[in-house]
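Engineer: Provided herewith is a single structure, encoded as structure tokens, for subsequent inquiry.
Residue numbers (the numbering used here): 109 to 682.
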């Protein structure tokens, strides 16, 4: 490879990407601080495997598929995990004084020299894809998290005799803060379980007890996956340990309890868990929601809105008063959108107060209040108090009843910008939901600035992405217009690989529907129009991008699949 040309220019020269794609990847690289090759793969401009083969040909080096290669354990011992992660390399085989090392970027000759000095071996290079190196690092260094958990489960099984089925004895044992010998496996298992969930980027942990088994599931990318089945006799001890960490009453097993716990990682990062314990027929079920602020995307430019949707959102936030509603089912990302709006408004000259149940993330400069309905301090009481606190912006965690809706809309009509959430299926149905709640139609029409509905759909795995052909009848059935079919000639899908567990999908993204309260929409409301009539006016007159249309646009970009469009949205029957 010519030293004068970078990998980007060579990919353009070989027509694997075009110059516009290269520039976009460079912009992405600047924003993330990562590698150019990573940006190209992440954006879907080139396949990970194709890039590795290209690099191998350019450097006249062999390529290796680490997904189907058994790495020599003796080779792994020679190089630290930190060095491998930093430089995206991994030793794969040792023979005498020669060490074969897989590189994602063979141009990094300095690390080759460092490896030679470190291992006192002759370094022989092979090329592997970046994703396969990352997976191999996770698999081989220090034992995988799965192996560690299996070991801990075995230790629990060996100590079953001490874990008597008498739950009182279990609880006394786990209360011991000094960590007695028989307590060790349970404490270690719970600690490792929390670390594993963070590592796998799970959003929730479900710990469930049944008549004849005990299981633990993680919610990853919106889907529940069974991870472990510890011995059933350990259920009481594991649940009690979590209740202690979450400052719950371990003696109370008859009613639900809420708690929180904090985990501090070796890199000083702190992650909060919101914990709920629910009594079931055969024991207590515990669900932990992982609240990792580092994963919270509060930049509204990165939410995933279409440009015209983002412009409407920004215009509504710039208004001095009015109601902005973020709607969607539980787990659709409403909190992220709300916090992104508050982040944009959070300046030194703006007084922001929020009422939340619970406060999931704390932000400097915002007055956040955790409501407690059980003691008579709910959303209505918080709102009344806020109005005496001289606010410009008020955020209400959720409009649940007429009283909250009434106070919130009065605030929106009297000079305050109010942001809240509501559980509805789309933007148009929000109107009738508010009116049926008891809010006057004129108040809904005149005081609502914007309604945003959203969903999360799965992304195609960038590691195994490939072209896909979709029949025209299928596209027309989705809602693609006949004159648009040429733009959908080459779509994409995931073939399935180790990184995505064979699903072809990895990660999620948001799609949005943004309803502006235009003259046409207000007229439909004043005439008592149905949900369908409001939606028809918004789409046909105001050219609103519906949830289905937003998903179709993601499909056209090659970011998601036909199956996800169908699973995540409903057709626009106008």
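Built from N, CA and C at the ideal position, the CB exists for glycine as well.
No experiment lies behind these values; they were computed from the predicted model shown.
(1) Are there three or more Cβ pairs, one per stretch, closer than 8 Å when the stretch 439-458 is compared with the stretch 487-497?
(2) Please return the same chain residues whose Cβ sits closer than 6 Å to the Cβ of residue 671, not counting the five positions on each side in sequence.
(3) Going by the CB atoms, is the gap between residue 466 and residue 382 shorter than 8 Å?
(4) Could you tell me how far apart the beta carbons of residue 245 and residue 189 are, in whole angstroms, since I believe they sit closer than 8 Å?
(5) Name the DSSP bridge partner or partners of residue 199?
(6) In terms of DSSP beta bridges, what is residue 463 paired with?
(7) Buried or exposed: where does residue 218 fall if 16 or more other Cβ atoms within 10 Å of its Cβ makes it buried?
(8) Can you list, in chain order, the stretches of the alpha helix (DSSP H) that have 4 or more residues and sit fully within the stretch 513-587?
(9) Tell me the DSSP bridge mates of residue 392?
(10) With a threshold of 7 Å on Cβ separation, who are the neighbours of residue 593 within its own chain once the five nearest residues in sequence on each side are excluded?
(11) Evaluate the contact criterion for the stretch 206-225 versus the stretch 545-557: three or more CB pairs, one atom per stretch, below 8 Å.
(12) Only counting the same chain, and skipping five residues up and downstream in sequence, which positions put a Cβ closer than 7 Å to that of residue 161?
(13) Helix, strand or coil, according to DSSP, for residue 639 in the structure here?
(14) Leaving out five residues on either side along the sequence, give the residues of the same chain with a beta carbon under 6 Å from the beta carbon of residue 576.
(15) Under 7 Å Cβ to Cβ from residue 469, same chain only, skipping five residues before and after it: list those, please.
(16) Measure from the alpha carbon of residue 620 to the alpha carbon of each residue in 414, 397, 116 and 608, then state which is nearest.
(17) For residue 193, tell me which candidate among 389, 565, 176 and 213 has the shortest Cα-Cα distance.
(18) Once the 5 residues before and after residue 393 are set aside, which same chain residues still bring their CB inside 6 Å of it?
(19) How close, in whole Å, do the beta carbons of residue 227 and residue 187 come, if the pair is a contact with beta carbons under 8 Å?
(20) Could you check whether the stretch 508-526 touches the stretch 418-431, counting it as contact only if at least three pairs of C-beta atoms, one from each stretch, sit closer than 8 Å?
(21) Would you identify the three-state DSSP class for residue 166, choosing helix, strand or coil?
(22) Do residue 395 and residue 336 have their CB atoms nearer than 8 Å?
(23) By a C-beta neighbour count over all protein chains shown, 10 Å radius and 16 as the cutoff for buried, is residue 326 buried or exposed?
(24) Identify whether residue 341 lies in helix, strand or coil by the three-state DSSP scheme.
(25) Just list the residues that DSSP pairs residue 232 with in beta bridges.
(26) Residue 440 by DSSP, collapsed to three states: which one?
(27) Apply the 10 Å Cβ neighbour rule to residue 176 and answer buried if 16 or more other Cβ atoms are within range, or exposed otherwise.
(28) Would you give the residue range spanned by the beta strand (DSSP E) that residue 613 belongs to?
(29) In three-state DSSP terms, what is residue 408?
(30) Short check: CB of residue 487 to CB of residue 504, under 8 Å?
(31) Could you spell out where the beta strand (DSSP E) holding residue 366 opens and where it closes?
(32) How would you call residue 595, buried or exposed, if buried means at least 16 neighbouring beta carbons within 10 angstroms?
(33) For residue 239 versus residue 607, is the C-beta distance shorter than 8 Å?
(34) Per DSSP, what kind of secondary structure is residue 381 in: helix, strand or coil?
(35) What is the residue span of the alpha helix (DSSP H) that residue 416 lies within?
(36) Nearest to residue 613 by CA position, among 462, 679 and 568, is which residue?
Structural biologist: According to the structure shown:
(1) no
(2) none
(3) yes
(4) 6 Å
(5) 209
(6) 477 and 504
(7) exposed
(8) 535-545, 549-555 and 580-586
(9) 387
(10) 580 and 583
(11) no
(12) 171
(13) helix
(14) 599, 600 and 601
(15) 399, 401, 404 and 447
(16) 414
(17) 213
(18) 316 and 386
(19) 7 Å
(20) yes
(21) helix
(22) no
(23) buried
(24) helix
(25) 208
(26) coil
(27) exposed
(28) 613-624
(29) helix
(30) yes
(31) 365-372
(32) exposed
(33) yes
(34) strand
(35) 415-425
(36) 568
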